[in-house]
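> Handing you a structure now.
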Amino acid sequence: MIKTWIAANWKLNKTPRETDTFFTEWSVLSKNLVKDSKKTGVIFFPPATSLETTSRFASALAHTEAFSFGSQNCYTEASGAFTGEVSATVVKDMGGEFILIGHSERRTIFNERDGLLAQKLQFVQKSGLCPMFCVGETLIEREGNKTAEVLIRQIHEGLSLRVPGAHLAMAYEPVWAIGTGKVASLEQVAETHALIQSELVKMDLAATPILYGGSVKADNAGPLSKIPNVNGFLVGGASLDPKSFAQIVAAAQ
Ligand code: PGA
519 MIKTWIAANW KLNKTPRETD TFFTEWSVLS KNLVKDSKKT GVIFFPPATS
569 LETTSRFASA LAHTEAFSFG SQNCYTEASG AFTGEVSATV VKDMGGEFIL
619 IGHSERRTIF NERDGLLAQK LQFVQKSGLC PMFCVGETLI EREGNKTAEV
669 LIRQIHEGLS LRVPGAHLAM AYEPVWAIGT GKVASLEQVA ETHALIQSEL
719 VKMDLAATPI LYGGSVKADN AGPLSKIPNV NGFLVGGASL DPKSFAQIVA
769 AAQ
């Protein structure tokens, strides 16, 4: 059985104080929210400046066994002269378990290419953390019938340096559905997740969870979660409010 993960990607939102307010409310809302922590887990990806606050709440809520966290990015080295970067080793030291790699905003705004992402993914796995590796096509690529080609390239290049047997999670996020309110149709999600799963099978990675991301809300989480090969969600905008995120966690189980 592949575990279902509901992940919150806060992007560059929330101060440490706002993070504290969120988790104070979350502590109440999350009671009995996850029905079976062996089957479902919740992950928070706060901005780097809120990792410390998140780590404090993660220890306080450890009894729920359904609270994990990590950073939205990291570098390919643990430390050194790399101004502005985040260290996976430090994230691990704080109790973090996951690192997002290759989010489309990192690929497009910060120009991160497949080769660099492969190195980051390898470093995260070598550090004992779980990379959540994001792939997705743009609208032009989808309309040009290039979705499969783009995803296969991103998957094979991004995973080319993977560590055999190490932790791995995937997220499919069609770029045109991120923050736009446009959700991929159930058919598009089913077809694309099946494609990703079949590529993972070829690489002996059949047990990898594949999350869907792109305008996930409480009202579409239920139908999307019933699609085969959809093992949870990576949620941006709707994860910023504790109530709406709690509704998504409830709907996804
Ligand atoms: P969204 O973002 O839910 O706001 O579309 C998803 C993401 O970018 O991870």
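Residue numbers (this note's numbering): 519 to 771.
Idealized CB from N, CA, C, for every residue including glycine.
All values reported here derive from a predicted model rather than from experimental measurement.
Please state whether DSSP places L618 in a helix, a strand or coil.
strand
> Should I728 be listed as close to the ligand PGA, given that the test is whether its C-beta is under 7 angstroms from any heavy atom?
no
> Which residue wins for smallest C-alpha separation from A684, given the options F563, L704, H711 and D722?
Selected option, being the one with the closest Cα: D722.
> Quick one: complete beta strand (DSSP E) runs, 3+ long, within the segment 534-570?
558-563
> Is there at least one non-hydrogen atom of the ligand PGA closer than 7 angstroms to the beta-carbon of A756?
yes
> Using a Cβ-Cβ cutoff of less than 8 angstroms, which residues in the same chain neighbour K532 once the five nearest sequence positions on both sides are dropped?
Here the set comprises F540, P564, P565, S568 and L758.
> Would you mind working out which of K761, G755 and S743 sits nearest A769, comparing C-alpha positions?
Per the Cα distances, S743.
> Please report the Cβ distance between V546 and A584, rounded to the nearest whole angstrom; I am assuming they are in contact, meaning their Cβ atoms lie under 8 angstroms.
With 8 angstroms as the limit, V546 and A584 do not qualify as a contact, their Cβ atoms being about 15 angstroms apart.
> Write down the C-beta distance between Y593 and F600 rounded to the nearest angstrom, noting that I regard them as a contact closer than 8 angstroms.
5 angstroms
> Should P682 go down as buried or exposed, given a rule of 16 or more other Cβ atoms within 10 Å for buried?
exposed
> Roughly how many whole angstroms lie between the Cα atoms of I706 and L618?
One detail in the question is off: residue 706 reads as Gln in this sequence, not Ile. Spanning the two alpha carbons is a distance of roughly 23 angstroms.
> Is it buried or exposed, N663, if we count other Cβ atoms within 10 angstroms and call 16 or more buried?
So N663 ends up on the exposed side.
> For A708, collect the residues of the same chain with a Cβ closer than 6 angstroms to its Cβ; drop the 5 residues on either side in sequence, then sort them by chain order.
I745
> Taking C-alpha atoms, which residue in S703, A724 and T626 lies nearest to Y730?
S703
> For a minimum of 3 consecutive residues, which ranges assigned as the beta strand (DSSP E) are wholly contained in the segment 706-763?
728-731 and 750-753
> Beta-carbon separation of P727 and K557 under 8 angstroms?
no
> Alpha carbons only, please: which of P692, E667 and R624 is nearest the one belonging to E655?
P692
> Below 8 angstroms on the Cβ atoms is my guess for V609 versus L647; work out the distance and round it to an integer in Å.
7 angstroms
> Does V719 pass the burial test, meaning 16 or more other C-beta atoms within 10 Å, or should it be called exposed?
exposed
> Measuring CA to CA, which of K638, E630 and T626 is closest to S605?
K638
> Looking at A695 and E645, is the spacing between their C-beta atoms short of 8 angstroms?
Per the sequence presented here, residue 645 reads as Ser, with Glu not at that position. Contact flag unset, no.
> Checking 8 angstroms against the spacing of the C-beta atoms, do M519 and E570 come in under that value?
no
> So, using beta-carbon positions, are A687 and M650 closer together than 8 angstroms?
yes
> So, are the CB atoms of L752 and N527 less than 8 angstroms apart?
yes
> So for V653, helix, strand or coil by DSSP?
V653 falls in the strand class under three-state DSSP.
> Residues in its own chain within less than 8 angstroms of S762 by CB, not counting five upstream and five downstream?
K735, A736 and A756
> Please work out which residues of its chain come closer than 8 angstroms, Cβ to Cβ, to I766, disregarding the five sequence neighbours upstream and downstream, and give them in chain order.
I524, V734, K735, A736, A739, F751, V753, A756 and S757
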